[in-house]
């Protein structure tokens, strides 16, 4: 499995982005007067595009004193034209097929990722987290299940088995993944993050968003909570059928249950709809 | 150190009766250090006459630092005759291409492919070393230290700080001051302002106190709005940068191809009027081909 794991992670370099954002990137970049804001919005709402750009700017080629986690920062640092061409080079690889042999619905996955990201950012605003940029919360939510699209795209037959096993045995998908791949999506996501030198605070929620114990950062707890809220609201689907308990620390902060937390966060559905607008065809 | 401007034009060579005084060759700057090392900044068409001049110093050892690989900064390289002569040792440095993941060697060699040039890179007789630089990686050439930093241009562009025998110089390559892409009503406006301020501070610290700043002053402030985002600075933005960084002397370069000698003279007169009563402005000169500066 180790070699296979390694190969799979190398393959991600050539992984295409989601159809809607590829379409938007091709459309926007065909116009010489393309508005940089529009392009940034599309990149920020596609887990593949954003991961590839952050991978580059955080690589050893650049003498950054601190890691970059936002596309705006990447644009200030390497310039809009380089970011544009990076997005275009990913867009020209093709698109992540909407349907795959794993039977994994990529549209539903993207909606789950975006809704988790949006809810995580609402948490950040509500909690007024001072030492972290709200965008770190959005990014961690957007990327938390990245490992699943790696499975679906590169190992669809095995992933199909994991999805079926989780459903039939009413177990967590990550448990089924561990049985079949000997690794789960959280580990794949964090391995990618490490290989691509993403900042450690972003890698932690990728690795730990299903973890119930240990010292977790606020970011990890929030992503965990946002993940459950996204499932509760049925905003997309990522193959996981079990809604876990909201972390105690989050429940304690709000002093209420999941419904109360959703209420306290504001108009969650409207925010998610807004997020979806950016990648609409 | 002796600095000689071998090409001061931007975009495309501009020979003709209107450019005889400031020159028509594209960017190339020759540095001769106090310990006799030859360091060349950029390989625009100005590197061709420089190459002719260096023929009398064979066998030659020199280093070429490329700010970025747009045509006007590399087009003279295949015509740099010392590359064809055995026993010459030439080191070439530059940034990597992040979009196609290519080294500086791969990027430069493309312009010597069959369709573009009759001699392949592999046929060049000099001993050529290519070095893809990382930002802030310092290269030592004799007693001289050269360190790159990323500037703002539509391709990765390194500005180079050169320290030699107690003197210092910074060349921006092509550079446009950062501007906010968001409007004041946008969510990201303030965040972007902070990012710009941080990057500007980092750059000013990097340039701080240089004896000579050579900067991209392609446009006048009046021309700039129609060319915003094209990756170039203005005379005013260069003067502001020099002032902020505390540079002692500023050389303005990358002249527009259609800018005549008289236009440049007129711009200089206007700058003198504009800045005559402003405190803390460094010495400034509009660079011309063949201009030599001793540092």
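Residue numbers (our numbering), protein chains in the order written: chain F, 18 to 298; chain B, 65 to 359. Glycine included, C-beta positions come from ideal geometry on N, C-alpha and C. Being a predicted model, the structure only gives us computed values, none of them experimental.
Asked                                                                                                                                      : Found
Three-state class that DSSP yields for residue 267 of chain F in the structure shown                                                       : helix
Length of the line joining the Cα atoms of residue 262 of chain F and residue 221 of chain F                                               : 19 Å
Chain B contact for residue 77 of chain F (CB, 8 Å cutoff)                                                                                 : yes
Test item: CB-CB of residue 315 of chain B and residue 278 of chain B under 8 Å                                                            : yes
Nearest-angstrom Cα separation, counted from residue 26 of chain F out to residue 226 of chain B                                           : 41 Å
Contact set between residue 256 of chain B and chain F, taken where Cβ atoms lie within less than 8 Å                                      : 89 and 93
Member of F/154, F/236 and F/165 whose CA lies at the smallest distance from the CA of residue 204 of chain F                              : F/165
Identified DSSP bridge partners for residue 126 of chain B                                                                                 : B/102 and B/154
Residues near residue 30 of chain B in its chain [Cβ-Cβ closer than 6 Å; skip 5 each side]                                                 : This structure cannot speak to residue 30 of chain B, because chain B is shown only from 65 to 359.
8 Å Cβ shell around residue 181 of chain B - same chain, five flanking residues per side excluded                                          : 142 and 175
For residue 93 of chain B, the residue or residues it bridges with in DSSP                                                                 : B/69 and B/105
Proximal residues, the stretch 216-235 of chain F versus chain B, C-beta separation under 9 Å                                              : none
Cut-off 7 Å between Cβ atoms - residues of its own chain near residue 298 of chain F, not counting five sequence neighbours on either side : The pLDDT assigned to residue 298 of chain F is 41, lower than 50, so where the model puts this residue is not dependable; a value taken from the coordinates is nonetheless given after this. Answer for residue 298 of chain F: 37 and 40, listed in chain order.
Rounded separation between residue 208 of chain B and residue 229 of chain B - CA only                                                     : 7 Å
Collapsed DSSP secondary structure at residue 256 of chain B in the structure displayed                                                    : helix
Residue 251 of chain B - containing alpha helix (DSSP H), residue span                                                                     : Careful: residue 251 of chain B lies outside any alpha helix (DSSP H) and carries neither H nor E.
Reference residue 156 of chain F; option with closest CA among F/168, F/135, F/170 and F/173                                               : F/135
Same chain only: Cβ atoms within 6 Å of residue 118 of chain B, ignoring 5 sequence neighbours per side                                    : 124 and 146
Residue 273 of chain F, DSSP secondary structure in three states                                                                           : coil
Bridge partners - residue 131 of chain B, DSSP secondary structure assignment                                                              : Answer is none; residue 131 of chain B lacks a bridge partner.
The stretch 287-295 of chain F contacting the stretch 83-96 of chain B, beta-carbon criterion three pairs below 8 Å                        : no
Residue 186 of chain B vs residue 144 of chain B beta-carbon contact at 8 Å                                                                : no
Cβ shell of residue 293 of chain F (< 6 Å), same chain only, five flanking positions each side left out                                    : none
The stretch 241-252 of chain B touching the stretch 276-290 of chain B, judged by at least three CB pairs closer than 8 Å                  : no
Beta bridge counterpart(s) of residue 232 of chain B as assigned by DSSP                                                                   : B/227
C-beta contact flag for residue 143 of chain F and residue 282 of chain F at 8 Å                                                           : yes
Chain-ordered chain F contacts of residue 214 of chain B [CB-CB under 9 Å]                                                                 : 79, 80, 94, 95 and 96
8 Å Cβ cutoff met for residue 202 of chain B and residue 215 of chain B                                                                    : no
Bridge partners - residue 356 of chain B, DSSP secondary structure assignment                                                              : B/68
Proximity of residue 239 of chain F and residue 267 of chain F at Cβ, strictly below 8 Å                                                   : yes
Start-to-end residues for the beta strand (DSSP E) that takes in residue 212 of chain B                                                    : 208-214
Residue 349 of chain B to residue 245 of chain B span [Cα, whole Å]                                                                        : 32 Å
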